[in-house]
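For the protein sequence lines, the chains are X and V, in the order given.
Under the numbering used here, the very last position in the first sequence is 365; numbers go up by exactly one each time.
Under the numbering used here, the very last position in the second sequence is 730; numbers go up by exactly one each time.
So the structure is just underneath, and the comments pick up after that.
Number of protein chains: 2
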Amino acid sequence: MMARRGALEATPKTPFILGFECAGDVEEVGEGVEGFAVGDKVVAIPEYRAWAELVSVPKRLVYKMPEGMAYTDATAVITNFLVAHILLFELGGISPGKSVIIHSVGGGVGLALTQLCQTVPDVCIFGVASSAKHKQLEGLGITHLLERGTDYVSEVRKVSPEGVDLFLDCLGGEECNRGYSLLKPLGKYIIYGSSNMVTGESKSFFGLARSWWQVDKISPLKLFDDNKGVAGFNLRRLLHLQAASSTINSTVEKVFKLWSEGKIKPVVDSTWALEDISEAMQKMQDRKNVGKIILDPAMEPKPKPATPAKGAKGAKGSDKEDKKKGSEAAKEEAKENNATSSGKEDEQEEVNGEEGAADAKENAS
Amino acid sequence: MMARRGALEATPKTPFILGFECAGDVEEVGEGVEGFAVGDKVVAIPEYRAWAELVSVPKRLVYKMPEGMAYTDATAVITNFLVAHILLFELGGISPGKSVIIHSVGGGVGLALTQLCQTVPDVCIFGVASSAKHKQLEGLGITHLLERGTDYVSEVRKVSPEGVDLFLDCLGGEECNRGYSLLKPLGKYIIYGSSNMVTGESKSFFGLARSWWQVDKISPLKLFDDNKGVAGFNLRRLLHLQAASSTINSTVEKVFKLWSEGKIKPVVDSTWALEDISEAMQKMQDRKNVGKIILDPAMEPKPKPATPAKGAKGAKGSDKEDKKKGSEAAKEEAKENNATSSGKEDEQEEVNGEEGAADAKENAS
Chain X
1 MMARRGALEA
11 TPKTPFILGF
21 ECAGDVEEVG
31 EGVEGFAVGD
41 KVVAIPEYRA
51 WAELVSVPKR
61 LVYKMPEGMA
71 YTDATAVITN
81 FLVAHILLFE
91 LGGISPGKSV
101 IIHSVGGGVG
111 LALTQLCQTV
121 PDVCIFGVAS
131 SAKHKQLEGL
141 GITHLLERGT
151 DYVSEVRKVS
161 PEGVDLFLDC
171 LGGEECNRGY
181 SLLKPLGKYI
191 IYGSSNMVTG
201 ESKSFFGLAR
211 SWWQVDKISP
221 LKLFDDNKGV
231 AGFNLRRLLH
241 LQAASSTINS
251 TVEKVFKLWS
261 EGKIKPVVDS
271 TWALEDISEA
281 MQKMQDRKNV
291 GKIILDPAME
301 PKPKPATPAK
311 GAKGAKGSDK
321 EDKKKGSEAA
331 KEEAKENNAT
341 SSGKEDEQEE
351 VNGEEGAADA
361 KENAS
Chain V
366 MMARRGALEA
376 TPKTPFILGF
386 ECAGDVEEVG
396 EGVEGFAVGD
406 KVVAIPEYRA
416 WAELVSVPKR
426 LVYKMPEGMA
436 YTDATAVITN
446 FLVAHILLFE
456 LGGISPGKSV
466 IIHSVGGGVG
476 LALTQLCQTV
486 PDVCIFGVAS
496 SAKHKQLEGL
506 GITHLLERGT
516 DYVSEVRKVS
526 PEGVDLFLDC
536 LGGEECNRGY
546 SLLKPLGKYI
556 IYGSSNMVTG
566 ESKSFFGLAR
576 SWWQVDKISP
586 LKLFDDNKGV
596 AGFNLRRLLH
606 LQAASSTINS
616 TVEKVFKLWS
626 EGKIKPVVDS
636 TWALEDISEA
646 MQKMQDRKNV
656 GKIILDPAME
666 PKPKPATPAK
676 GAKGAKGSDK
686 EDKKKGSEAA
696 KEEAKENNAT
706 SSGKEDEQEE
716 VNGEEGAADA
726 KENAS
């Protein structure tokens with residue numbers, strides 16, 4: 001087996017990390033695996049180890065890329081839109097005229113949610129992000145931008161006195177009680193795992209902050225009285241422990257169809273050479289990115305100072321030249337979405353290796 | 366104001382009673398109320414007091430009946446299908462290929478759920494009912510009939526090892542933990558108020574049985590780990606305290622459209638003269654009915670023995686003659702659905718007065 005494209009190795013530190021995507025060509029097909037052939041362009045969501053030259057992935061986690069999709073796009077689309085689609089349509093029951101609050105709207109899933117909401121008529125989107133990111137988020141279709149950390153509840157009530165239909169909480173945050181109270185009757189509160197899971201900050205899921213939903217419990221009787229629902233969504237467990245293949249497969253199909261129809265497009269923050277991964281990760285940790293950070297094995301690294309700086313100041317992958325079509329496409333996306341990096345924010349995206357060869361070797365489905 | 370049709374007065378004993386429907390003609394329209402005219406055929410869902418000659422109902426709880434719908438049908442359709450439609454489509458996210466467990470499948474909402482499930486391709490219906498009712502429930506499209514009170518969990522696992530997508534629990538029952546455990550990832554457990562609410566039996570919602578969801582609480586973290594959701598649905602509160610008009614209105618429209626297309630039809634257990642209400646209620650309390658029990662003011666009462674019997678033995682409203690078209694239609698429905706009464710079961714339906722004149726007098730929406 002040979003790697004066709006570049007490689008990157010890294011080990012995630014926490015067990016719940018989303019977005020371990022890779023895209024590439026099938027190098028070898030496991031015994032008895034049908035539906036894939038060597039050379040197929042695929043995107044995969046392995047459980048860790050995506051950042052390698054060769055990735056061995058169970059068939060059920062490998063998806064053929066649609067015609068015309070770049071590897072970069074595939075890696076930027078697959079998890080974010082898979083999560084977003086399940087949240088909105090499978091769990092959230094979004095429909096015309098409904099309203100939704102999206103936490104971390106500047107993150108990869110947040111931006112995917114924003115795009116998918118716009119495929120449904122008259123959905124009112126309240127997007128929560130730090131004020132520093134608001135300018136970058138203008139023009140993306142977010143109906144009302146709210147400032148994270150402020151009392152946005154009263155702001156929402158001003159616009160929609162009855163509250164909202166759907167609250168999508170990827171923070172497991174400190175404001176969940178207020179969020180639940182904002183739900184209309186028949187409203188749904190969904191806690192999902194996405195950001196805050198890499199850096200282990202104090203705000204994070206496994207951090208020190210003890211948010212209500214880690215500590216408090218919900219009375220079904222209260223749900224009954226309130227006409228409300230609470231659900232959890234955890235993609236990694238779904239993919240790797242619970243193996244809900246049919247829903248995943250049909251959702252990937254729907255997402256790719258939307259992409260083919262031009263109704264969604266990946267939002268890439270910036271593209272980085274492999275050698276610059278520390279800067280790229282620092283940018284994520286500083287929550288400065290809007291959209292996906294892509295690692296491109298074919299990029300030239302940035303010139304380093306004699307003593308390597310620890311910080312990520314001035315890191316602008318998009319100023320650099322790159323050599324590959326995929327990266328160019330990614331840049332165009334980034335530009336279209338005004339997705340240059342600035343400010344400090346609570347969103348982040350996982351670094352993901354692109355174009356590692358996905359080797360559909362096992363048949364664990 | 367004059368009553369056009371017969372009347373019946375009764376007072377519900379518990380505060381959460383569904384199914385207080387009435388159908389009739391608009392006698393008077395409140396000041397400033399638009400969209401209704403005297404003489405309109407309407408069905409209404411007032412908060413109590415439906416069993417009266419004249420019912421004053423806020424506009425938002427009054428719905429014009431579709432062309433060709435009998436009063437009897439309207440009262441038998443409105444609440445059952447409203448509840449069932451919201452449960453399946455608004456909250457449950459039912460879609461082709463999914464599976465659902467319906468508790469009290471022989472009840473009014475249960476039968477409505479069964480019919481609505483069949484408007485979606487390839488939905489697998491597990492229906493729970495006492496064995497005495499199974500024969501009556503055959504041929505209605507329930508994929509697997511399960512016996513209430515038995516360990517049906519293992520039966521479900523035999524058919525569907527992964528579990529089910531949706532669990533609809535109107536019992537607030539003692540088996541909820543098992544029900545939750547039966548959910549597939551992304552599955553939803555919905556507790557709703559319907560039966561068990563009139564008679565105040567020990568099994569009832571407000572009875573002595575302390576079911577898990579009245580006592581226990583759910584950890585959102587567990588929902589997150591399990592990829593599951595829990596929701597409550599309480600129509601009376603929704604209608605009268607929370608006034609979610611837009612969802613209710615659009616759902617009533619959808620239900621009437623399905624009725625007009627012949628895709629759903631009301632299931633009437635039996636029709637009773639007003640004078641026989643005690644027998645009718647006894648039948649409900651004994652859980653012997655399958656489908657709706659209708660009170661028809663125009664029916665002749667059954668000949669009474671010298672000393673009125675307290676029980677409901679031999680009560681067969683459908684053997685009697687009646688005088689009105691509505692009642693005939695109801696009987697036809699009852700016959701089509703093989704809905705004669707026998708056996709003992711846990712389902713029940715609320716008695717509802719039919720053809721009380723609905724007077725859209727107030728404008729409280």
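Even for Gly, the Cβ is constructed at its ideal location relative to N, Cα and C.
For chain X, check one thing: does any of its Cβ atoms lie closer than 7 Å to the Cβ of residue i?
i	result
residue 654/V	no
residue 650/V	no
residue 481/V	no
By Cβ distance, which residues of its chain are closer than 6 Å to residue i, with the 5 residues on each side in sequence left out?
i	result
residue 477/V	445, 446, 449
residue 707/V	Here residue 707/V scores only 27 on pLDDT, less than 50, and its place in the model is too uncertain to base an answer on.
residue 621/V	431
residue 508/V	489, 490
residue 162/X	184
residue 543/V	518
residue 531/V	457, 465, 553
Going by the CB atoms, is the gap between residue j and residue i shorter than 7 Å?
i	j	result
residue 169/X	residue 103/X	yes
residue 120/X	residue 86/X	no
residue 551/V	residue 247/X	yes
residue 441/V	residue 657/V	yes
residue 398/V	residue 411/V	no
residue 249/X	residue 603/V	no
residue 582/V	residue 217/X	yes
residue 487/V	residue 462/V	yes
residue 64/X	residue 25/X	no
residue 42/X	residue 29/X	no
residue 115/X	residue 277/X	no
residue 666/V	residue 640/V	yes
residue 386/V	residue 443/V	yes
Using a C-beta cutoff of 7 Å, does residue i count as contacting chain V?
i	result
residue 104/X	no
residue 136/X	no
residue 247/X	yes
residue 266/X	no
residue 30/X	no
Give me, in chain order, the residues of the same chain whose beta-carbon lies closer than 7 Å to that of residue i; leave out the 5 immediate sequence neighbours on both sides.
i	result
residue 513/V	493, 494, 495, 711
residue 682/V	For residue 682/V, the pLDDT reaches just 29, beneath the cut-off of 50, and the residue's location in the model is therefore unreliable, leaving the point undetermined.
residue 483/V	506
residue 596/V	456, 553, 555
residue 164/X	99, 100, 101, 126, 156, 182, 183, 184, 187
residue 619/V	450
Find the residues of chain X that neighbour residue i, judging by a C-beta separation of less than 7 Å, and give them in chain order.
i	result
residue 584/V	217
residue 598/V	227
How would you list, in chain order, the residues of chain X whose beta-carbon sits under 9 Å from the beta-carbon of residue i?
i	result
residue 521/V	Per Cβ cutoff of 9 Å: no residues; residue 521/V is ~18 Å from chain X at best.
residue 458/V	89, 90, 91, 92, 93
Compare the C-beta of residue i against all C-beta atoms of chain C and say whether one is closer than 7 Å.
i	result
residue 161/X	Here chain C cannot be found, since the structure's protein chains are X and V.
Can you list the residues of chain X that residue i reaches, using a CB-CB cut of under 8 Å?
i	result
residue 556/V	220, 223, 224
residue 426/V	What residue 426/V touches in chain X: nothing, since even the nearest Cβ is about 15 Å away.
For residue i, go through chain V and note every residue whose CB falls closer than 9 Å to its CB, in chain order.
i	result
residue 254/X	Under the 9 Å cutoff, chain V gives no residues; its nearest Cβ is about 11 Å from residue 254/X.
residue 230/X	583, 585, 588, 594, 595, 596
residue 237/X	550, 589, 590, 591, 592
Name the chain V residues that come within less than 8 Å of residue i, Cβ to Cβ?
i	result
residue 244/X	549, 550, 551, 592
Identify, in the order they occur along the chain, each residue of the same chain with its Cβ nearer than 8 Å to the Cβ of residue i, setting aside the five sequence neighbours on each side.
i	result
residue 400/V	424
Complete runs of the beta strand (DSSP E) confined to the stretch 427-468 of chain V [at least 3 residues]: 427-429, 464-467
Beta strand (DSSP E) segments (min. 3 residues) lying fully within the stretch 128-168 of chain X: 144-147
Uninterrupted alpha helix (DSSP H) stretches inside the stretch 236-294 of chain X (no shorter than 4 residues): 245-260, 277-285
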